[in-house]
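Protein chains in written order, with the numbering used here: chain V, 43 to 309; chain P, 497 to 634.
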Amino acid sequence: MAQKKAEQHRARRANVVRSQRAASLKPFYYALALVAVVGVALIVRTARRSAATQQRQVTNVAATAAKAEGHLLGNPNAPVQILEFADFECPHCAEYATITEPDVRKRIVDAGLASYRYFDFPLGHFENSIPASEAAACAGDQNKFWEMHDKLFQGQPEWNSQATSDPKKVFARYANELGLDTDAWGKCFDSQKHMPEILANRDEGLRRHVESTPTFVIGTKQIPGAIPYDMLKAYVDTAAAQYAANAVARADSQHSPAAKKGGAAKP
Amino acid sequence: MLIALLALVGALIALYLTLYKVGVIGELVCQIGSCERVNSSRWATFLGLPVAAWGLATYVVLLGLAVAAIQGVAPRQVAWATVLVSGWAVMFSGWLTSIELFVIHAICIWCVTSATIMTLLFFASAIELRRVLRLSTD
Numbered sequence: 043m044a045q046k047k048a049e050q051h052r053a054r055r056a057n058v059v060r061s062q063r064a065a066s067l068k069p070f071y072y073a074l075a076l077v078a079v080v081g082v083a084l085i086v087r088t089a090r091r092s093a094a095t096q097q098r099q100v101t102n103v104a105a106t107a108a109k110a111e112g113h114l115l116g117n118p119n120a121p122v123q124i125l126e127f128a129d130f131e132c133p134h135c136a137e138y139a140t141i142t143e144p145d146v147r148k149r150i151v152d153a154g155l156a157s158y159r160y161f162d163f164p165l166g167h168f169e170n171s172i173p174a175s176e177a178a179a180c181a182g183d184q185n186k187f188w189e190m191h192d193k194l195f196q197g198q199p200e201w202n203s204q205a206t207s208d209p210k211k212v213f214a215r216y217a218n219e220l221g222l223d224t225d226a227w228g229k230c231f232d233s234q235k236h237m238p239e240i241l242a243n244r245d246e247g248l249r250r251h252v253e254s255t256p257t258f259v260i261g262t263k264q265i266p267g268a269i270p271y272d273m274l275k276a277y278v279d280t281a282a283a284q285y286a287a288n289a290v291a292r293a294d295s296q297h298s299p300a301a302k303k304g305g306a307a308k309p
Numbered sequence: 497m498l499i500a501l502l503a504l505v506g507a508l509i510a511l512y513l514t515l516y517k518v519g520v521i522g523e524l525v526c527q528i529g530s531c532e533r534v535n536s537s538r539w540a541t542f543l544g545l546p547v548a549a550w551g552l553a554t555y556v557v558l559l560g561l562a563v564a565a566i567q568g569v570a571p572r573q574v575a576w577a578t579v580l581v582s583g584w585a586v587m588f589s590g591w592l593t594s595i596e597l598f599v600i601h602a603i604c605i606w607c608v609t610s611a612t613i614m615t616l617l618f619f620a621s622a623i624e625l626r627r628v629l630r631l632s633t634d
């Protein structure tokens with residue numbers, strides 16, 4: 043009986059100690075929860091702000107022709123022009139080139155909705171990006187710029203400046219795999235003869251205040267970031283609609299009585 | 497308590513970097529260093545998962561262990577487990593930081609902060625283990 047009483051007493055004491063301990067820990071758990079809530083709130087705020095900044099970064103630009111030529115794909119007289127400013131060594135550019143660009147080529151460029159121009163925009167911190175631009179331009183001499191462009195982006199991890207300080211070996215292998223005249227390609231690469239064009243392409247980007255890669259110019263919009271296909275197609279559709287509206291306005295002004303009168307009055 | 501707090505802060509940083517890696521956050525707030533370059537390199541993935549996700553899982557485990565220790569559950573085992581988990585994580589963080597310095601040649605301030613927190617966690621857990629072992633021998 044006495045033993046049972048002693049056990050009950052011990053159990054009661056243990057319960058009291060436990061509840062006292064839990065009560066003393068309460069402020070700590072509250073503080074921990076507060077830190078967690080504040081932290082999550084900060085992350086959500088940063089995520090929202092970053093999304094808002096990305097949306098705001100789309101700028102209106104004049105639809106002027108580029109002074110540098112870039113590398114053309116598709117019909118140069120297509121109603122819409124897509125300009126891409128990219129760096130061969132930039133991971134986001136590779137992501138766009140391998141995931142989104144095949145769709146863009148097939149469903150927009152091949153369909154005649156837009157022409158596509160690639161402009162080299164070598165960023166200062168990627169050491170192998172100018173040699174990669176040179177390798178692609180030299181392949182372009184043998185009409186295989188786009189084939190080399192695709193190989194460079196697909197194989198980026200094996201030749202980027204993290205992987206090697208001598209990317210020429212990898213580029214030469216690509217040239218061989220593409221069936222290029224490797225001697226001519228090698229001479230072209232070593233002479234750096236396309237450097238002026240590469241720098242002109244970069245200057246075109248600087249003139250347009252390109253700050254990051256990839257950046258796209260579609261019609262009158264300049265859009266930074268590796269945008270998904272649907273977004274790019276929406277910009278092309280908007281630019282095509284603007285082009286059509288402008289064409290109608292031009293035609294109307296040419297055929298209006300006032301225009302005809304003005305035309306007849308001329309000697 | 498310090499271990500729980502450090503693990504929570506570390507988990508929040510790892511959560512931020514994981515969300516960036518999976519594409520929820522478009523850009524990292526990175527005043528010092530080059531976070532994008534580090535986090536888009538091939539070393540930002542380990543066994544098919546983002547390194548940040550591994551970090552998040554480790555911090556959550558450490559937070560669980562710290563709460564168990566505060567509650568007084570199996571003190572010796574919990575203290576040993578905390579030292580082992582944080583010790584492994586410190587070595588992994590050290591390896592990642594050396595990759596940043598000597599291979600990528602770019603520093604990600606969030607990654608360095610996480611590595612510092614993990615180191616502090618390891619020292620705090622070692623001190624806690626010593627205390628627990630002393631108490632149990634007394």
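Using N, Cα and C, we set each Cβ at its ideal position, and we do this for glycine too.
All values reported here derive from a predicted model rather than from experimental measurement.
Span of the alpha helix (DSSP H), counted from its first residue to its last, around residue i
i	result
P/Gln-567	547 to 567
V/Lys-211	210 to 219
V/Gly-228	224 to 233
V/Met-237	237 to 249
V/Thr-206	No alpha helix (DSSP H) holds V/Thr-206; DSSP gives it neither H nor E.
P/Ile-509	498 to 517
Of the residues the options, the one placed nearest residue i, counting alpha carbons only
i	options	result
V/Ile-269	V/Ala-283, V/Glu-143, V/His-167 and V/Lys-148	V/Glu-143
P/Leu-561	P/Phe-542, P/Gly-590 and P/Leu-501	P/Leu-501
V/Lys-205	P/Thr-615, P/Met-497, P/Ile-600 and P/Tyr-516	It should be noted that the sequence gives Ala, not Lys, for residue 205 of chain V. If we check each option's Cα against that of V/Ala-205, P/Ile-600 comes out closest.
V/Phe-195	V/Ala-174, V/Ala-75 and V/Ser-207	V/Ala-174
V/Leu-125	V/Tyr-158, V/Ala-110, V/Val-146 and V/Cys-132	V/Tyr-158
V/Asp-145	V/Asn-288, V/Asp-272 and V/Val-290	V/Asp-272
V/Gly-221	V/Pro-209, V/Asn-202, V/Asn-185 and V/Gly-247	V/Asn-185
V/Ser-254	V/Gly-166, V/Lys-47, V/Gln-45 and V/Ala-110	V/Gly-166
V/Met-237	V/Ser-171, V/Phe-70 and V/Ala-286	V/Ser-171
V/Glu-169	V/Ser-207, V/Phe-163 and V/Asp-152	V/Ser-207
V/Pro-69	P/Leu-545, P/Val-556, P/Thr-615 and P/Met-497	P/Met-497
V/Asn-243	V/Gln-198, V/Ala-110 and V/Ala-73	V/Ala-110
P/Thr-514	P/Ser-632, P/Ile-499, P/Val-505 and P/Leu-545	P/Leu-545
V/Val-252	V/Pro-266, V/Arg-87 and V/Glu-239	V/Pro-266
P/Gly-551	P/Gln-567, P/Glu-596, P/Val-563 and P/Trp-606	P/Trp-606
V/Ala-89	P/Val-518, P/Phe-542, P/Val-547 and P/Ile-623	P/Val-518
P/Leu-511	V/Ile-85, V/Lys-148, V/Tyr-285 and V/Leu-74	V/Ile-85
P/Leu-631	P/Val-505, P/Ala-549, P/Gly-506 and P/Pro-571	P/Pro-571
V/Ala-283	V/Ser-295, V/Asp-294, V/Asn-119 and V/Gly-261	V/Gly-261
P/Ile-499	P/Leu-558, P/Ala-549, P/Ala-553 and P/Phe-542	P/Leu-558
V/Tyr-277	V/Gly-112, V/Ala-83, V/Cys-132 and V/Ala-156	V/Ala-156
V/Tyr-71	P/Ala-548, P/Trp-539, P/Ala-622 and P/Leu-504	P/Leu-504
V/Ala-364	V/Ala-120, V/Pro-121 and V/Met-190	No answer is possible for residue 364 of chain V: the residues shown for chain V start at 43 and end at 309.
V/Phe-163	V/Pro-256, V/Trp-227 and V/Arg-147	V/Pro-256
V/Thr-101	V/Ala-289, V/Ser-233 and V/Lys-263	V/Lys-263
V/Trp-227	V/Glu-239, V/Gly-112 and V/Lys-211	V/Lys-211
V/Leu-114	V/Trp-188, V/Lys-235 and V/Val-82	V/Trp-188
V/Glu-137	V/Asn-119, V/Gly-197 and V/Cys-180	V/Gly-197
Supposed contact pair residue j and residue i - C-beta distance, whole angstroms, cut 8 Å
i	j	result
V/Val-259	V/Arg-249	Wrong, their Cβ atoms sit about 11 Å apart, outside the cutoff.
P/Trp-576	P/Leu-625	6 Å
P/Ile-509	P/Ser-610	5 Å
P/Leu-617	P/Ser-594	The pair is not a contact, with the Cβ atoms about 19 Å apart (cut-off 8 Å).
V/Asp-127	V/Phe-161	It should be pointed out that residue 127 of chain V corresponds to Phe in this sequence rather than to Asp. The pair is a contact, with the Cβ atoms about 5 Å apart (cut-off 8 Å).
V/Leu-67	P/Ile-566	6 Å
Counted within 10 angstroms of its Cβ, other Cβ atoms place residue i as buried (16 or more) or exposed
i	result
V/Gln-50	exposed
P/Arg-627	exposed
V/Val-396	Residue 396 of chain V lies beyond the range of chain V shown here (43 to 309); nothing can be said about it.
V/Ile-141	exposed
P/Trp-591	exposed
P/Phe-619	exposed
P/Tyr-516	buried
V/Ala-153	exposed
V/Gly-116	buried
V/Leu-76	exposed
V/Pro-199	exposed
V/Phe-213	buried
V/Asp-294	exposed
V/Asp-192	buried
V/Leu-274	buried
V/Gln-45	exposed
Start and end residues, beta strand (DSSP E) containing residue i
i	result
V/Phe-258	257 to 260
V/Ile-265	263 to 266
Closer than 8 Å to chain C by CB, residue i
i	result
P/Leu-504	Of the protein chains in the structure, V and P, none is chain C.
Q) Could you give the uninterrupted runs of the beta strand (DSSP E) lying entirely in the stretch 114 to 197 of chain V, keeping only those of 3 residues or more? A) 122 to 128 and 156 to 162
Q: Report the residue ranges of all alpha helix (DSSP H) runs contained in full by the stretch 571 to 595 of chain P; include only those spanning at least 4 residues, in chain order.
A: Taking 4 residues as the minimum length, the alpha helix (DSSP H) runs contained wholly in the stretch 571 to 595 of chain P are 571 to 595, in order along the chain.
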